[in-house]
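Under numbering that gives the first Met the number 0, think of the first position of the sequence shown as 0, with each following residue one higher.
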Amino acid sequence: MTPCNCIVQEGQVSAALEARLRSGLNELAVRAFGSEAEITWRVVPRGNGFTAGEPTKASVVSFRAHEPLAQSRREEVLRELCDFWIGETGCSVDELVGVVSDPQQA
């Protein structure tokens, strides 16, 4: 399984959209890392997330790769991740933090 963490703001993702996002993230994990995504979905309660003093619309989506990735490969995966998330949610590129990290060192 490929660890995937999603942090979204309360009220921004409907149940139907969440299902599409989970499915698409799983497909991305299989293509990019060769295993299904193990998704942890966290919702930030309304009034607990701010950007520049205003309630934030930002989401964070983070994958942890099974092996260190070359920078060019990381960029490809991040581009696919961001294009997918923005296409599904309609958010701007400024409202998404996409992360593809290497495995933790033992």
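The beta carbon of each residue, even a glycine, is placed where N, CA and C say it ideally should be.
Per DSSP, the bridge partner or partners of residue i
i      : result
Trp40  : Cys5
Leu170 : What is shown of the chain runs 0 to 105, which leaves residue 170 out entirely.
Phe49  : Pro54
Leu95  : Ser58
Option nearest residue i by Cα separation, candidates the options
i     : options                       : result
Gly97 : Thr50, Glu37 and Leu24        : Leu24
Val7  : Glu17, Ala31 and Asp101       : Glu17
Gly10 : Glu75, Arg41 and Phe83        : Arg41
Glu75 : Ser22, Asn4 and Ala28         : Ala28
Ser58 : Leu95, Ser13, Ser34 and Glu87 : Leu95
DSSP state of residue i mapped onto helix, strand, coil
i      : result
Leu68  : coil
Gly10  : coil
Ser61  : strand
Ser100 : strand
Ser34  : coil
Cys90  : coil
Decide if the region 67-87 is in contact with the region 33-40; the criterion is three or more beta carbon pairs, one per stretch, under 8 Å apart.
Judged by Cβ distances under 8 Å, the region 67-87 makes no contact with the region 33-40, as fewer than three pairs qualify.
Would you call the region 45-52 and the region 62-74 touching, i.e. three or more CB-CB distances under 8 Å?
Taking 8 Å as the limit for Cβ pairs, the verdict is that the region 62-74 does not touch the region 45-52.
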